[in-house]
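Novice: Here you go, one structure.
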Amino acid sequence: MATTTFKINGVPYTVNLSTLAPDITLNTFIRDHAQLTATKFMCLEGGCGACVVSVSGKHPVTGDMKTWAVNSCLTLLNTCSDLEITTCEGIGNKRDGYHPIQKRMAKMNGTQCGFCTPGFVMNMYSLLESKDGKVTMDEVENSFGGNICRCTGYRPILDAMKSFALDSTIKIPEECQDIEDLTNKKCPKTGQMCAGQCHKSLESLLYADGSQWYWPKKLDELFATLSKIDSNEHYMLVAGNTAHGVYRRPDSLKHFIDVNGIADLKKHDLSKDGLVLGGNLSLTEAMDIFTEASKQPGFEYCQQLWHHFDLIANVPVRNTGTLAGNIYTKREHEEFPSDVFLTFEALNAQVVVGYSSEKRETMSLVDYVRDKTSKTVILSFNLPAYPKENFIFKSYKIMPRAQNAHAFVNAAFLLEVESSTGVVNTCSLCFGGIRPDFVHASSVEAVLKGQCFYEKSVVEKIFAELAAALQPNEVLPDPSPDYRRKLACGLLLKFLLESAPADKVKPEFRSGGPILKRELSSGIQTFDTQKKFYPVTQPVEKIEGLIQCSGEATYMNDTLTPHNAVHCAFVTATKVGSTIEQIDASEAIRVPGVVAFYSAKDIPGTNTYVDEGFGYEKEEIFCSQTVRYYDQPLGMIVALSSDIANRAASKVRVIYSKGSEVIMPTLPDVFANNCLERIHSISPSKIEDIKLSEAADISGKGIFEIGLQYHFTMEPQTCVAVPFEQGLQVWATTQWMDHTQAVISKMLQIKAADVQLKVRRLGGGYGSKISRGNLVACAASLAAYKLNRPARFVQTIESMMNCNGKRWGCRSDYEFHIKANGKIVGLKNIFYEDAGCTLNENPIDGHSTFCAKNCYAFTEDNLKIEGNAVVTDATSSTWCRAPGSVEGIAMIENIMEHIAFEANIDPADARMTNIEDGNKLKELLPRFIASTEYRKRRQEIDDFNSKNRWLKKGLGIAIMDYPIFYFGQYPATVSIYHTDGTVVISHGGIEMGQGMNTKIAQVAAYVLGIPLEFIKIESSDTINGANSMVTGGAVGSESLCFAVRKCCEVLNDRLKPVKDSLKDNASWVDVVQTAWGKNINMIASDHYKKGDMPNYHIYGLALTEVELDILTGNHLIKRVDILEDTGESLSPYIDIGQIEGAFVMCLGYWLTEQLVYDRQTGQLMTNRTWTYKPPGAKDIPIDFRVEMLQGSANPAGFMRSKATGEPPCCLAISAIFAIQHAIQSARNDAGLKREWVRLGAPTTPETIVLNAGNDTSTYTLE
C-alpha cells in the first residue's frame, strides 16, 4: 500500500493514494475528503484565486522551512507529501477565535458575496508568513493579481490588507488594533520546528488503470525513471502543474514524475561571469534571486527581469510554476506566449539539457524549443553578465489588464553600445505574440549593428524594416495583426525613447518612453447617518462578514452529501442549425465511474428550464432537434466524480443533419449578413419621424456599439439535489426560488410541494442566477430523481460561459440636430439589442427605453426612440446587473458626448444645456463640477496633452437619472424565541452580496428596539419564502425590509399589552418570557406587494480621469469621483460597497471584457480565465472617491432610502469618454482630420491604438 502523509490545519492525514484518482488535486481532497469547504471550487486553472491555501515545507536545498500560497485547484495531491497545508478555517474560526486578517477584512467591509474572501485571506496570510510579517503597502497591493472579486471593486479589500504593512497609512478600526505573532510550526513528534520527512519517502506507485507515479530524489533516479517509460507513452514532469491552467492534460497521460524533491534542480549560483539557475526553481524563487543578483556588477539587468516576471500570471502560480516548466510548455506549444523564453532569449541565456545521467548539452532556448527529442530534462539556465556601462536591456509586456494576463505582444531588447557614440556592437531584438515561429527581428538587428541607434536616419530605417518584417498571424481570440504590428513597433519606439540620451529626444516625446507607473490606490468615502434611527443608517459590519472571512459561510456546493452522490456534466452540440439525428453514448458509458447518460428522451415531463407561466418562451434543458447555438446541452453524463463526468462527456458521439451555412453568433454578424428577418420590433415609436423644435445649426449622426458581458460570478452555477421521501430537497444557486421550483416539478411531473428549495446565500448573482441556473438545477434534479441518489452539478467555467446567456449587447443608430450651444432640437435613436437565440428576459421595452432619454428635455415630436431585438445563433441573452439601463444611459450619454464634440463645447455644458427643468440633476451637476474641480482639471489636462505626444490624459463625465420600479411580492417571517429573546428571520429574498440580510437585521433591531446582535437571518426556502418574486432590480432589499418591518410591527402590537403591564425598566427578555407565559404568538408573517411603496428616481454623476499610453493602448484610471443620491442610506458601508462594486464591474465591461466568437462555427473562444478578463485589483481607480449625497431623504422608497446595487453601473461609461478626450489629442498630434471616434464596449488597447493615428513610418525621436 502506497501511503503519503501531510497535515491540514495541523491534523495529520495518512492517505492511501492508490484509492484516489492519479491526478486528484489538493482542492478535491480538501473539500471532498477533509470536508473543509472554505477553500472554494471555481475556475480550476489558477485564474480566480478562490482556491488559495497556504503551504509550508522544507526546501530541498537549504532545508529551511518555507511558506507560500498555492492554487489548490492546480496542486496535485501526490506532490504534497510531508507538507503542512493551512486553509482559511485553520487560521481562525468560531471555536478557536479569529485571525487578525479575518477580523480586519470583516470590520473594513472587505466582503460582499464572500465567495472569493477565503482566497484573499489565505493569500495575505501566506504573504505575511513568508515575509515574517514585514511587508510594505506596495508589496501587498501587488500580491492580489490572481484573486478576482466581482462584488467589491477591491478598494476595501486592499485597504484591509495594506493595513498590515509596515508603512501603512490606512486607518484601522479600534476593534482591530491587534497583530498576531506569526505561528511557529512545530512537529508534534519532536516538539521542534518541523523539518519535514517524518516517514519513508514514496518511490513509485502503479494504479489499477495503468497510471504510474514516481518520486525521484536524485537526477540519476529521474533519468532511470524516464528510461523505463515507452517512447510512445505520454509522461509529465510534475512541479507546479501550472501549465494545466493553459493547456489541459490529455487523457492519455499515464506517467507522472514528481521532480520537486530533486535538490540539484533547485540550486543556483552567481559568479562574476554568470548566473546559473536550476531548472526547477519557481518563478518566485527566481525573482528573489534576481533581486540579489541585481546588486552585483554585470547583473543590474536582473532588476528588469524581476519587473517582467512580476507580470507573469499571479503570486500563487509563480510560487509553484517553474522556469523549466514554462520553457517546456513553450516547446510543446509553440504559440505559448512565454515571458521566460522571450526575456531569456533576448539575453542569450543558454539552457543545459540532460539527455541521460551522462549526457548533457548546452544550447540556446530557440534551439531547445525546436529540439523534439523526448525524455530530456532541463537542468539549468545560464545567464551571462552584461555590464550596465555597455549594455542596455529592457523588456515589455502589454496585456488586456494590469496583472494576471498573457501578453498581446511582449518584447525584450538588449543592445551593446559604445556609450560615447551610441554605436551598436551587438543587439538582440525579440518579440512574442507575432507568430509562433517569429522570435528575433533579425533584419532589424542587422540594420542596427555598427550604427548609432538614435540617429534620425537609422531610426527611420529601423521602423521601415521592422514594419516589413513583422507579419503577425491571424488567430482567434488574439487581437488583429494590424494592432499587434503597431504595438510591436510602439514597444521598440518606447525602448529608443527611454534609452537614447535625453538631448537626442524631443521633450514632448520623452514621456512616451517609460511604461505607465501605477501608484498605490486609495479612496475617500463620504456619507452621513441619522443616529436617532440607529442601527438603521448606522455604518455597521456586515452581519455575515466574519464567517465569510473565516470560510465558515456556506454556499450551495458546500452542502455535504453521502458518499453515494453522483456528479453531472453536460454533453453539448457543436453544429449550429443542424438537427440531431443520433446520439451514441456507448463509449462514454464504458468509462469506469460513469453511471448514466440522459438526454431529452429521458425527461418525464416538460423539457424546458424556463416556465411559460412566468412569461418565458421555451428553452430546452436538452436539445431534442434543432441546435440553436454552439455548445447547447443535448444530454448529460452522470458519474462518480465531476472529473470523470467531464472527461466522459467528450466521448459521446453525435450524428447531425446538415447545419447552417452562415452562422451569426452576434448582433454585428446579423447586420453584416443583412438578415433583416432576425430583427424583431419590441418598442416601436409613436411617431413616424421627428419634428425639429427649432431650426438646427448642426446635425450629426453615428453608430454606437456595445458588446456582450459575462457575469463572472465567483460561485459557479451549482445544484445539489437529494431524494427525500416522495420528492426532492434541492440546494440551487437561484435568485428566483419560485421559478426554479416550478420548472423542476414540471420537468419531473411531480407536485411543487414535493420540490423544496433551500438557498443560504449566493456567491454573486448579477442576474445570471435568475433563470440560467435552472439549467443545472433541472439536470441535477433529473439525475437524483432517476437514480434515487444525491446528485451534484457544478458547472465548469467553460461550460458556464459556453451555455449561459450574457448581458444584452446593443447597437444604436442615432441622428441628432442641435443649436450651436448644444441644445437638442431633434433626436432619433433606433437601437437594436442582441437577444441570443430567444427573446426571453428582454430589457428593451423596460429600462432600455425608459433610460434612453435620461434626464434630458424633449418634446413629444422631437424625440424618436425605437427598440428592436435581434435573434442570433448564441445562448439566449439574460439579465445582467442594471439590465437595459446600462444600455439606455450609455446610448444617450454617448450622444451627448458626440454633440459636445460636434458643437466644440465642453461635455458638461452640453449636458447642462439639455437637462430638463425640475430634474434634480440640474441642481447636482453644477455642484459636482465645482466639488471635483472639473474646469480646472480639464484645462490642466489639455495643457499636459499639448506638451506630450505619446502620453495623454483624458477626463470623462457621465450623469444618470435612474428609474426604480417595484414589482412582485416578497414574504417574510419573524420569530422571537422566548428562551433568550433572540430573533430569527426567514424571507423569500436571496442574499448574494448586496447586504440584504444586514439591512433587514438593522430594520428589525430598530423596529423591535433590541440590539442588532439579537437578530439572526436564516436560509431562504420555498416554505417560508413560497411564491416569492425574483431578487433583482436593486429593490429586493427594500422590499424585504418593508415586509420585515410589517412583521415586527405586528409583534410589537402583540407585545405592547405585556410591556404596559411590566415596569418601565423591564428588559426585552422579560417582556418576551412574560408574553410566552401568556401564550402570545411571537411568530409573524407578512409580505411586501407591488404598490406598497411608490416608484422613484436615483440620480448619479461620475467623473473619470485616465492616463493613456498611445503607443500601447494601455491606460491607468487615475481618479474617479462619484456622487450618488442614495436618500438616507439604511447601511452606509453596504451602500458604499455596492456603488464601488457596480462601477468597477462595468469598468470591466467598457475596458477589458471581450467576448470573441468563431464566426465559422459559432464557438465562444473566450470562455475561461485565460481568455476573459474582468478587472483585477490593479485595474481599479487609483484615487476612488465616493460621496453619497447628504441631507437628501427620499420621500418615496423605504425609510427615506434608495437602492444602490445597480445604478452605479451606468456611470462607468465615463471611462470611455475620458479615453475619447485623450485620443482626440493624439489624433490632432498625428495630423488627422478632427472627427468623432466610435468607441464602445469594450474599448480595448487595440481600439485605442488603431484609432490614435499611430503611423510607424513617422516614428522618430526628434
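Per UniProt numbering, the sequence shown starts with residue 1, numbered consecutively.
Glycine is no exception: its CB is placed at the ideal position from the N, C-alpha and C atoms.
Only a predicted model underlies this, so the values are computations on that prediction, with no experimental measurement involved.
(1) Just how far apart, CA to CA, sit S641 and A780?
(2) Please state whether DSSP places F816 in a helix, a strand or coil.
(3) Taking H59 as the reference, which of S282, D697, A1142, V351 has the closest Cα?
(4) Take the Cβ of V662 as the centre, count every other Cβ of all protein chains shown within 10 Å, and call the residue buried at 16 or more, exposed below.
(5) Start and end of the beta strand (DSSP E) containing Y1259?
(6) Cβ of T343 within 7 Å of Cβ of H308?
(7) By alpha-carbon positions, which one of D861, I889, H898, N842 ends up nearest to V871?
(8) Would you say the beta carbon of L1008 is closer than 6 Å to some non-hydrogen atom of the ligand GDP?
(9) Give the list of continuous beta strand (DSSP E) stretches no shorter than 3 residues that lie fully inside the region 659-744.
(10) Determine the direct distance from the alpha carbon of E465 to that of F850, and round the result to whole angstroms.
(11) Would you say W1150 lies against chain D (beta-carbon separation less than 7 Å)?
(12) Could you please give the first and the last residue of the uninterrupted beta strand (DSSP E) stretch that includes M636?
(13) For the region 102-121 and the region 540-547, state whether three or more C-beta atom pairs, one from each stretch, are separated by less than 8 Å.
(14) Start and end of the alpha helix (DSSP H) containing A385?
(15) For D909, collect the residues of the same chain with a Cβ closer than 7 Å to its Cβ; drop the 5 residues on either side in sequence, then sort them by chain order.
(16) Would you call the CB atoms of T1169 and E335 closer than 7 Å?
(17) May I ask you to report which of helix, strand or coil DSSP gives E1246?
(18) So, are the CB atoms of A385 and D288 less than 7 Å apart?
(19) For the candidate residues K218, P1242, D813, V352, whose alpha-carbon lies nearest to that of T1152?
(20) With A1043 and Y1088 assumed to form a contact (beta carbons below 8 Å), what rounded beta-carbon distance in angstroms separates them?
(21) What's the call for S126, buried or exposed, on a 16-neighbour Cβ count within 10 Å?
(22) Considering only residues of the same chain and omitting the five flanking positions on each side of L415, which have a CB-CB separation below 6 Å?
(23) Can you tell me the Cα-Cα spacing of A585 and T572, whole angstroms?
(24) To the nearest angstrom, report how far apart S877 and F413 are at their CA atoms.
(25) Starting from C837, trace the beta strand (DSSP E) both ways and give me its first and last residue.
(26) To the nearest angstrom, how far is it from the Cα of G1205 to the Cα of G1231?
(27) I'd like the list of long-range same chain contacts for S163, defined as Cβ closer than 7 Å, with 5 residues on each side in sequence excluded.
(28) Ordered along the chain, which non-local residues of its own chain (more than five positions away) have a Cβ less than 7 Å from that of A900?
(29) Which residue from L925, A903, H817 puts its Cα closest to that of D912?
(30) May I ask you to report which of helix, strand or coil DSSP gives K189?
(31) So what does DSSP say about N71, is it helix, strand or coil?
(32) For N1027, collect the residues of the same chain with a Cβ closer than 8 Å to its Cβ; drop the 5 residues on either side in sequence, then sort them by chain order.
(33) Can you tell me where the beta strand (DSSP E) holding N1052 begins and where it ends?
(34) Mind checking which residues open and close the alpha helix (DSSP H) that includes I1216?
(35) With the cut-off set at 7 Å, would you say L757 and T733 are in Cβ contact?
(36) Decide if the region 19-28 is in contact with the region 293-312; the criterion is three or more beta carbon pairs, one per stretch, under 8 Å apart.
Specialist: Taking the structure as given:
(1) Distance between the alpha carbons of S641 and A780 is about 13 Å.
(2) Three-state result, F816: strand.
(3) Nearest option by C-alpha distance: S282.
(4) Label assigned to V662: exposed.
(5) That residue, Y1259, is in no beta strand (DSSP E); it is neither H nor E in DSSP.
(6) Result yes, Cβ atoms of T343 and H308 sit closer than 7 Å.
(7) With respect to the C-alpha of V871, the residue from D861, I889, H898, N842 having the closest C-alpha is N842.
(8) What this structure holds is no ligand at all, so the ligand GDP is not there to describe.
(9) With a minimum length of 3 residues, the unbroken runs of beta strand (DSSP E) contained wholly in the region 659-744 fall at 679-683, 698-706, 718-724, 727-732.
(10) Answer to the nearest angstrom: the Cα atoms are 54 Å apart.
(11) Absence of chain D from the displayed structure is noted, only one protein chain being present.
(12) Looking at the DSSP string, the run of the beta strand (DSSP E) that includes M636 is 632-639.
(13) They touch, by the three-pair rule.
(14) Neither: A385 is in no alpha helix (DSSP H) and is coded neither H nor E.
(15) Excluding residues within five positions, the ones whose Cβ falls inside 7 Å are G822.
(16) No, they are not a contact pair.
(17) Correct three-state label for E1246: helix.
(18) Cβ atoms of A385 and D288: not closer than 7 Å.
(19) Nearest C-alpha to T1152: P1242.
(20) Beta-carbon to beta-carbon, A1043 and Y1088 are separated by about 4 Å, close enough to satisfy the 8 Å threshold.
(21) Per the 10 Å Cβ criterion, buried.
(22) Listed in chain order, the non-local C-beta contacts of L415 below 6 Å within the same chain comprise I392, V424, C427, local neighbours out to five positions each way being set aside.
(23) Going by the C-alpha atoms only, they are around 12 Å apart.
(24) Near 45 Å, if we compare the C-alpha coordinates of F413 and S877.
(25) For C837, no beta strand (DSSP E) run applies, since DSSP gives it neither H nor E.
(26) Linking G1205 to G1231 through their CA atoms gives a straight-line distance of about 44 Å.
(27) The beta carbon of S163 is closer than 7 Å to those of R104, I170, I172 in its chain, skipping five residues each way along the sequence.
(28) G822, D906, P907, A910, listed in sequence order.
(29) First, the residue type needs correcting, since residue 912 is Met and not Asp in the sequence shown. The shortest C-alpha separation from M912 is found at L925.
(30) Low local confidence applies: a pLDDT of 35 at K189 is under 50, so the model's placement there is unreliable, with the coordinate-based value given in what follows. Of the three classes helix, strand and coil, the one that applies to K189 here is coil, per DSSP.
(31) Residue state, collapsed to three classes: strand.
(32) D738, Q969, P971, G988, listed in sequence order.
(33) First-last for N1052: 1036-1061, but that is the alpha helix (DSSP H), not the beta strand (DSSP E).
(34) Taken as a continuous stretch (DSSP letters only), the alpha helix (DSSP H) holding I1216 covers 1214-1229.
(35) Contact flag unset, no.
(36) Between the region 19-28 and the region 293-312, the count of C-beta pairs closer than 8 Å stays below three; the two stretches do not touch.
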